[in-house]
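The block underneath contains the structure these notes are about, expressed in structure tokens.
There are 2 protein chains.
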Amino acid sequence: MWKPNKPCQLNREFDVDNREKPIGVFDSGIGGLTVLKEIINELPYENTVYLGDTARVPYGIRSPETVIRYSFENTTFLYSKDIKLLVVACNTASSVSLDFIRKNISVPVIGVIEPGVKAAVRKTKNNKIGVIGTEATVKSNSYTNAIKNMDASIEVYSLSCPLFVPLVEEGWTEGEIVTSVAKKYLGGLKDMGIDTLILGCTHYPLLKTVLTEVIGGDVRLIDSAIETSRKVKMLLENLGLNRENNFVPRREFFVTDSPERFLKVGENFLGEKIEHIEKIAVSS
Amino acid sequence: MWKPNKPCQLNREFDVDNREKPIGVFDSGIGGLTVLKEIINELPYENTVYLGDTARVPYGIRSPETVIRYSFENTTFLYSKDIKLLVVACNTASSVSLDFIRKNISVPVIGVIEPGVKAAVRKTKNNKIGVIGTEATVKSNSYTNAIKNMDASIEVYSLSCPLFVPLVEEGWTEGEIVTSVAKKYLGGLKDMGIDTLILGCTHYPLLKTVLTEVIGGDVRLIDSAIETSRKVKMLLENLGLNRENNFVPRREFFVTDSPERFLKVGENFLGEKIEHIEKIAVSS
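These protein sequence lines map, in sequence, to chains B and P. Numbering of the first sequence is given in our numbering, commencing with residue 3 and proceeding in unit increments. Numbering of the second sequence is given in our numbering, commencing with residue 3 and proceeding in unit increments.
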């Protein structure tokens, strides 16, 4: 298991009075923008700072040890931006590194797994839930374990769909090819009779139309981005940390590779213009 | 432009007498194994050492600066293995970092661009050459520039095909989906009337059947892996560095992430069993 080289510097007193501090969001790259988008929908006045680790994307094919190391570096960077709450907007990172991050940072940390799981468990009627995600997410069994922890009687069918991410990044989110790919992946899952399907990767909400068409309208899709943003809102309100005034929020974006590609693809994900973007160096 | 932190330690006297030294090959990940496979075909008795930078794959979507940094780190590692020749078996790295590497290392360095270009220029009859590769390779204009340098009258049509790599890694190298993707990408190229097509990415040789079917049997496909291995053989012979005896060669493999996935997918690429594999740390 990888450990930070230096004794961890992150623990410090959590200042509950400062509502102006931004919400920190990190992802392995562009996908987390779907989560940020929903956070902005729920909490339009919050300041936000987003880090996309584009120099090391994708996390979904990497080992847990490597993902933990990358996640911790991202966390350290966002913590230096004086955030009031951290959202790990990457399913792979949430799957394998959330415990490690929580142990080493004193602000609240929200991952994208638990909110999706809670919604799915609440909504399934026949107790058969499907989960789709990257190779690493599926292999980690995080979704299965989290669902089973809530209700051991639920049957979970999980499946990795590695081509969905490159298809979305290519912008091929509808049409014959993506439909064929979805049919090939989801055929087996459909036969299992699931009534609820968790989209366990931040890219997948962009495929909702095709997925609904292929898996059938009677299967309920759970969008982790929406569920996560609701949890962020609830938690900030509970902590009295939500920013209530109507001032224009500050949106900062950081990437670890040059911003060009992020800007080109990212605005589709976010649904608005990206300004104030900067490249930062990570240890790699 | 990124520069190595330390003064470069790589230049040293090139020992022309040692035929036992291995050929070093690096790639961003698994793809370079198609190049290693052809080198082994051409030179079965050579010792080889392969580095797949699986913790930072894919290079094709990264900025030139980042690719140069990664390439130099890979070079430094292989140089520490006392190689007699370096093959940069990644098109993206060959496109953007070959000059930088050559300036900083005293053993001969062979990339995958030039051998493919020479073969294509030799073989085209109508002076219309197509090139397919990753986004970074195409954007770098390396193929176009290299072809134009050899013969300015040749028309070059280059095109990035980002979905080919994930398709190959998923093992979907034939069938309806990959054929549809190939048709979508290559339609325009076909209309240009090219008679020669360079496969400018190490993954693409695994798609030869589909590509021939889609682009038509009258278009000659240039496999850079084969052309590169011929150049390696020729250069070693010219330098009197080829290993002639019939001892069993030593094959070493190194990766920067855990070897599991590399082993699973890699053996398809290499066409033989991978033994002696080890994970090493890069700076990231």
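Yeah, the Cβ is synthetic: ideal placement off N, Cα and C, and Gly gets one too.
Coarse secondary structure for residue i, derived from DSSP in three states
i, result
"residue 193(P)", "helix"
"residue 78(B)", "helix"
"residue 281(P)", "strand"
"residue 29(P)", "strand"
"residue 245(B)", "coil"
"residue 276(B)", "coil"
"residue 260(B)", "coil"
"residue 63(B)", "coil"
"residue 51(B)", "strand"
"residue 71(P)", "helix"
"residue 199(P)", "strand"
"residue 38(B)", "helix"
"residue 22(P)", "coil"
"residue 9(P)", "Confidence at residue 9(P) is low in this model, with a pLDDT of 43, below 50, so the placement of that residue should be treated as unreliable; the coordinate-derived value is given next. Coil, per DSSP."
"residue 238(B)", "helix"
"residue 58(P)", "coil"
"residue 252(P)", "coil"
"residue 223(P)", "strand"
"residue 268(P)", "helix"
"residue 46(P)", "coil"
"residue 204(B)", "coil"
Environment of residue i [buried if 16+ CB atoms lie within 10 Å]
i, result
"residue 151(P)", "exposed"
"residue 283(B)", "exposed"
"residue 58(B)", "buried"
"residue 250(B)", "exposed"
"residue 211(B)", "exposed"
"residue 96(P)", "buried"
"residue 153(P)", "exposed"
"residue 11(B)", "Because the pLDDT of residue 11(B) is 49, which lies under 50, any placement of that residue in the model is unreliable, and the number read from its coordinates should be weighed accordingly. By the 10 Å Cβ count, residue 11(B) comes out exposed."
"residue 278(B)", "exposed"
"residue 93(B)", "buried"
"residue 229(P)", "buried"
"residue 75(P)", "buried"
"residue 40(P)", "buried"
"residue 18(P)", "Only weak support exists for where residue 18(P) lies, its pLDDT of 48 falling under 50; the coordinates are left without a value."
"residue 141(B)", "buried"
"residue 226(B)", "buried"
"residue 46(B)", "exposed"
"residue 155(P)", "exposed"
"residue 127(P)", "exposed"
"residue 231(B)", "buried"
"residue 23(B)", "buried"
"residue 233(B)", "buried"
By the 8 Å beta-carbon criterion, what residues does the region 191 to 203 of chain P contribute toward chain B?
Against chain B - using a Cβ distance shorter than 8 Å - the region 191 to 203 of chain P contributes no residues.
- Message: Beta carbons nearer than 8 Å to chain B: which residues of the region 259 to 282 of chain P have them?
- Response: Cβ proximity to chain B below 8 Å picks out 259, 260, 262, 263 from the region 259 to 282 of chain P.
Using 8 Å as the threshold, is the region 135 to 153 of chain P in touch with the region 63 to 72 of chain P, meaning 3 or more CB pairs across them? Because the criterion of three Cβ pairs below 8 Å is met, the region 135 to 153 of chain P and the region 63 to 72 of chain P touch.
message = Restricting to runs no shorter than 4 residues, where is the alpha helix (DSSP H) found entirely within the region 81 to 143 of chain B?
response = The qualifying runs are 93 to 106, 115 to 125, 137 to 142.
Cβ contact (3+ pairs, closer than 8 Å) linking the region 210 to 217 of chain B and the region 241 to 260 of chain B: Contact between the region 210 to 217 of chain B and the region 241 to 260 of chain B is absent: fewer than three C-beta pairs spanning the two stretches fall below 8 Å.
Near-chain P residues of the region 39 to 65 of chain B (beta-carbon distance less than 9 Å), N- to C-terminal order: With the criterion set as a beta carbon lying under 9 Å from some beta carbon of chain P, the members of the region 39 to 65 of chain B are 56, 57, 58, 59, 60, 63, 64, 65, in sequence order.
(request) Return the residues of the region 203 to 230 of chain B that lie within a Cβ-Cβ distance of less than 8 Å from chain P, sorted by chain order. (result) If the cut-off is 8 Å between Cβ atoms, the region 203 to 230 of chain B has nothing near chain P.
Problem - Stretch pair the region 102 to 118 of chain B + the region 182 to 197 of chain B: three plus CB contacts closer than 8 Å - result: Output reads no: the region 182 to 197 of chain B does not touch the region 102 to 118 of chain B.
Quiz prompt | Against chain P: residues of the region 134 to 162 of chain B by CB proximity under 9 Å | solution = Hits within the stretch, in order: 137.
- Item | Every unbroken alpha helix (DSSP H) inside the region 153 to 187 of chain P [4 residues or more] | Listed in chain order, the complete alpha helix (DSSP H) runs (minimum 4 residues) inside the region 153 to 187 of chain P are 166 to 172.
By the 8 Å beta-carbon criterion, what residues does the region 80 to 105 of chain P contribute toward chain B? When C-beta distances to chain B are compared with 8 Å, every residue of the region 80 to 105 of chain P stays at or above that value.
Worksheet entry | Interface residues of the region 178 to 191 of chain P facing chain B [CB-CB below 9 Å] | Listed by position, the residues of the region 178 to 191 of chain P near chain B (Cβ gap below 9 Å) are 178, 179, 182, 183, 186.
If you pair each beta-carbon of the region 75 to 93 of chain P with each one of the region 105 to 123 of chain P, do three or more pairs fall below 8 Å? Flag = yes, the region 75 to 93 of chain P and the region 105 to 123 of chain P touch.
| query | Does the region 73 to 85 of chain B come close enough to the region 184 to 203 of chain B to have 3 or more Cβ pairs within less than 8 Å? | reply | The answer is no - the region 184 to 203 of chain B does not touch the region 73 to 85 of chain B, with fewer than three Cβ pairs under 8 Å.
Do the region 44 to 57 of chain B and the region 248 to 268 of chain B meet, that is, are 3 or more Cβ pairs less than 8 Å apart? Touching, per the Cβ criterion.
query: Using 8 Å as the Cβ pair cut-off and three pairs as the minimum, do the region 161 to 181 of chain P and the region 167 to 179 of chain B touch?
result: As far as the Cβ criterion goes, the region 161 to 181 of chain P touches the region 167 to 179 of chain B, which means the pair count is three or higher.
The region 258 to 270 of chain B contacting the region 31 to 51 of chain B, beta-carbon criterion three pairs below 8 Å
Counting Cβ pairs under 8 Å, three or more are found: they touch.
Quick one, which residues of the region 68 to 79 of chain P are near chain B if we go by CB-CB under 7 Å, in chain order?
Flagged, chain order: 68.
Output, in sequence order along the chain, the residues in the region 24 to 38 of chain P whose CB is closer than 8 Å to any CB in chain B.
-> Answer in chain order: no residues at all.
Using a Cβ-Cβ cut-off of less than 7 Å, list which residues of the region 234 to 260 of chain B approach chain P; keep chain order.
Using a CB distance below 7 Å, the part of the region 234 to 260 of chain B facing chain P consists of 259, 260, ordered along the chain.
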